[in-house]
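Worksheet: one structure, shown below.
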Amino acid sequence: MILKNTKQNRQLAAVILKRGGVGVMPSDTLYGIMGSALNPVAVKRIYKLRKRNIRKPFLVLIKSPSDLKKFGIAYRGDSKIVGNRFWPGGVTIIFPCPNKKFSYLHRGTNTVAFRVPKSKWLREFLRISGPLVAPSANWEGSEPALTVTQARRYFGNNIEFYLDGNKRQGLPSTVIGLKKGKIVVVRQGRVRIPSNVL
Numbered sequence: 001m002i003l004k005n006t007k008q009n010r011q012l013a014a015v016i017l018k019r020g021g022v023g024v025m026p027s028d029t030l031y032g033i034m035g036s037a038l039n040p041v042a043v044k045r046i047y048k049l050r051k052r053n054i055r056k057p058f059l060v061l062i063k064s065p066s067d068l069k070k071f072g073i074a075y076r077g078d079s080k081i082v083g084n085r086f087w088p089g090g091v092t093i094i095f096p097c098p099n100k101k102f103s104y105l106h107r108g109t110n111t112v113a114f115r116v117p118k119s120k121w122l123r124e125f126l127r128i129s130g131p132l133v134a135p136s137a138n139w140e141g142s143e144p145a146l147t148v149t150q151a152r153r154y155f156g157n158n159i160e161f162y163l164d165g166n167k168r169q170g171l172p173s174t175v176i177g178l179k180k181g182k183i184v185v186v187r188q189g190r191v192r193i194p195s196n197v198l
């Protein structure tokens, strides 16, 4: 079903995802195909829908750094300095996550990438839904969907809902990691990382 982006429909969509459903909705960057990051079945389904290489992990949207505790991750040191600088916003940060319980997320890399979105309504959505895997809404190797119409060409009626947020900008988040006290840019996106953060 296609839902207009209203408060009532956002609450409905958040509950669907919390209960294990999968849907397409706007983030503050692109449209994403989303499911609960705490539900291995939902994550597996998104891999299949996106035709995604199963060795490549997804990024996870969280409402605030406090959600990192749900994945056994401590928010401290350089990671906290960087997170406090760029969150909420368009920067995704890679954290160590060696817990085997979350192997369905880290896919053997022992790391998971997290982002706190800039959008206030999306953070409120995450408060209801919980953390979400949120890859762009497209098949792997194809152009990301910028509209619900484009997303439907990829996923048709194989998901629970589409939340229409009009056309999105075509720039993904910037992905960074931390190595030996330095920031490593893994993917350059909409945010430029200055050299003097750490």
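Numbered per the numbering used here, the sequence shown spans residues 1 to 198.
For every residue, glycine included, the Cβ atom is placed at its ideal position computed from N, Cα and C.
CA-to-CA distance, residue j to residue i, given in whole angstroms
i	j	result
V41	Y104	9 Å
D28	K44	24 Å
Q169	G108	32 Å
L17	F125	10 Å
Q150	G189	21 Å
G177	V91	10 Å
S64	P88	8 Å
M1	N53	27 Å
Residue from the options whose Cα sits closest to the Cα of residue i
i	options	result
A37	R19, W121, T29	R19
N84	F102, P117, K70	P117
S195	Y154, S79, K182	K182
L132	N9, T6, P57, K7	P57
R153	N166, W139, G165, D164	W139
I73	T174, S142, V112	V112
P172	I81, S119, R187, L178	R187
Residue i, DSSP secondary structure in three states
i	result
K51	coil
V60	strand
T149	helix
A42	helix
D28	coil
S129	helix
K4	strand
I176	strand
R10	helix
S119	coil
R85	helix
V15	helix
P144	coil
Residues bridged to residue i [DSSP beta-bridge criterion]
i	result
F95	V112
G77	None, per the DSSP bridge assignment.
G181	G181 pairs with nothing; no bridge assigned.
N33	Residue 33 is actually Ile in this sequence, not Asn. Looking at the DSSP assignment, I33 forms a beta bridge with V24.
S136	G32
L163	L3
R187	V175
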